[in-house]
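Visitor: Submitted below is the structure of interest, expressed as structure tokens.
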Amino acid sequence: HHDIWDLDLPSATLIDVKQKGKTIPGIAVMNKTSILFMLNRITGQPLFETKEVPVPTDTDIPGEQPWPTQPMSVTPPLAKVSYDEGDVADVTPELKSFCQNLIAEKHVVSSKLFQPLRTDSALASFPGSLGGIDWGGSAFDPGRGVLVANTNNLAALATMIARPDGSYGMKDGYLYFWNPKTRQPCTAPPWGQFSGVDVNTGKIKWQVPLGVSDDLPAGQRDTGRVNLGNPMVTAGGVAFIGATDDSRFRAFETLTGKLLWEVTLPATASSGPISYRGKDGRQYIAVVATGGNNAGVPATADDVVAFALPAGRGPSR
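Under the numbering used here, the first residue of the sequence shown carries the number 287, and numbering increases by one thereafter.
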């Protein structure tokens, strides 16, 4: 209700849910909070309980009246939804120092989900405008009853300021809670994740970091990365996804989250992959890999990359 955070919806995903011996045609919907709502797509009724939950309403902006409750599913969110002042990334001394200075400079304070913005301090709002989840949404493996989705753990950093005309806007514009040069967030990893949800129970089956930080020492790179894009799944139980700013394209087992294969692309693939059958009868996976997105990744290439899926073997380029 009364969205003052830019928590709009990514694409919805059609699902089939088994409950009480019946298969129910459903739809999976998330907004950027990464809270998963699964609904009967015929009746619109929730397949898992949804509650109106009290949320913070304190703000020092005159005239602003935040809504006192927000709808939340009993199913767990897929990404970080709050910030505690003690949560500072300690991945490298340089990142920790940068983040501590940023916190002091901006007067960053703890925040909860749906916390309204203020003029007297900066909120590290989880999720930021990238989510959670964004753009393409999730993908569903009907043979295994698993919904897969990529998410970010990256906060927005915003302070409101009065304008000369009496309205309010964001001081210093829209910022992320990270070091923009290294694109490393100021909270502890994982910074990007890939999750599998059992749609029949609503529970998270698995959750793994998505992406690596190539500029960190070996053994510390499995941090997850900021990502923007979406997955697709095959009938064989494989989920393909680009999305991450490390320019990788990966294949995961939808049932377990096991990484099966990865390759480095010419640039970040912020688009979703597609699958098609070629004239030779083989299945192909293709993805646009150009870089360029609203997460600050520059456009550095102009490529469409395709991979064949030979029977009994991994993808070949």
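Where a beta carbon is used, it is the ideal one built from N, C-alpha and C, also for glycine.
Please read all numbers here as calculations on a predicted model, not as lab measurements.
Indicate the three-state DSSP secondary structure (helix, strand or coil) for residue 486 in the structure shown.
Guide: On the sequence shown, residue 486 is found 200 positions in, with the first residue counted as 1. Residue 486: coil per DSSP, three-state reduction.
Visitor: I want to see whether chain B comes within less than 9 Å of residue 567, judged by CB atoms only; does it?
Guide: As a matter of chain content, chain B is missing from the structure shown, which is built from one protein chain.
Visitor: Rounded to the nearest angstrom, what separates residue 450 and residue 444 at their Cα positions?
Guide: Position 164 of the sequence shown, counted from the first residue, corresponds to residue 450. Position 158 of the sequence shown, counted from the first residue, corresponds to residue 444. Approximately 19 Å between the Cα atoms of the pair.
Visitor: Following the continuous beta strand (DSSP E) through residue 436, name the residue where it begins and the one where it ends.
Guide: As a working mapping, residue 436 is identified with position 150 in the sequence shown. From DSSP, the beta strand (DSSP E) with residue 436 extends over 432-438.
Visitor: Helix, strand or coil: which one does DSSP assign to residue 397?
Guide: By 1-based counting over the sequence shown, the position of residue 397 is 111. Three-state DSSP puts residue 397 in a strand.
Visitor: What distance in whole Å lies between the Cβ atoms of residue 558 and residue 418, which are believed to be in contact at a cut-off of 8 Å?
Guide: As a working note, residue 418 is residue 132 in the sequence shown. As a working note, residue 558 is residue 272 in the sequence shown. Residue 418 to residue 558, Cβ: 17 Å. No contact.
Visitor: Using the C-alpha atoms, what's the distance from residue 412 back to residue 319?
Guide: Looking up residue 319 in the sequence shown gives position 33. Looking up residue 412 in the sequence shown gives position 126. Roughly 8 Å separates the two Cα atoms.
Visitor: Do residue 290 and residue 300 have their beta-carbon atoms positioned less than 9 Å apart in this structure?
Guide: Here residue 300 corresponds to residue number 14 of the sequence shown, with the count starting at 1. Here residue 290 corresponds to residue number 4 of the sequence shown, with the count starting at 1. No, the Cβ-Cβ distance between residue 300 and residue 290 is not below 9 Å.
Visitor: By the 10 Å Cβ neighbour count, where 16 or more other Cβ atoms means buried, how is residue 432 classified, buried or exposed?
Guide: Residue 432 sits at position 146 when you count from the first residue of the sequence shown. So residue 432 counts as buried.
Visitor: Using 8 Å as the Cβ pair cut-off and three pairs as the minimum, do the segment 500-520 and the segment 337-354 touch?
Guide: no
Visitor: Can you list, in chain order, the residues of its chain whose CB lies under 7 Å from that of residue 574, leaving out five sequence neighbours each side?
Guide: Walking along the sequence shown from the start, residue 574 turns up at place 288. The answer, listed in chain order, is 555, 557 and 590.
Visitor: Skipping 5 residues on each side, what residues in its chain have a beta carbon closer than 8 Å to that of residue 305?
Guide: Locating residue 305 in the sequence shown gives position 19, counting from the first residue. Hits under 8 Å: 333 and 486.
Visitor: What are the boundary residues of the alpha helix (DSSP H) that residue 382 is part of?
Guide: Counted from its first residue, the sequence shown places residue 382 at position 96. Its alpha helix (DSSP H) spans residues 379-392.
Visitor: Nearest to residue 380 by alpha carbon, out of 498, 288, 469 and 476?
Guide: As a first step, residue 380 is located in the sequence shown; it is residue number 94 there, counting from the start. Closest option to residue 380, Cα to Cα, is 469.
Visitor: Which residues in the same chain as residue 524 place their Cβ atom closer than 8 Å to its Cβ, once the five residues preceding and following it in sequence are excluded?
Guide: Here residue 524 refers to the residue found at position 238 of the sequence shown. Closer than 8 Å at Cβ, skipping near neighbours: 537, 538, 539, 540 and 546.
Visitor: What residues in its chain sit with their C-beta under 7 Å from that of residue 386, if we drop five residues either side in the sequence?
Guide: As a working mapping, residue 386 is identified with position 100 in the sequence shown. 374.
Visitor: Grouping DSSP H, G and I as helix and E and B as strand, with all else coil, what is residue 301?
Guide: Reading the sequence shown from its first residue, position 15 is the one you call residue 301. The answer is strand: DSSP assigns residue 301 an E or B state.
Visitor: Could you check if residue 317 is buried or exposed, using at least 16 other CB atoms within 10 Å of its CB as the buried criterion?
Guide: In the sequence shown, counting from the first residue as 1, residue 317 sits at position 31. With 16 or more Cβ atoms within 10 Å of its Cβ, residue 317 is classed as buried.
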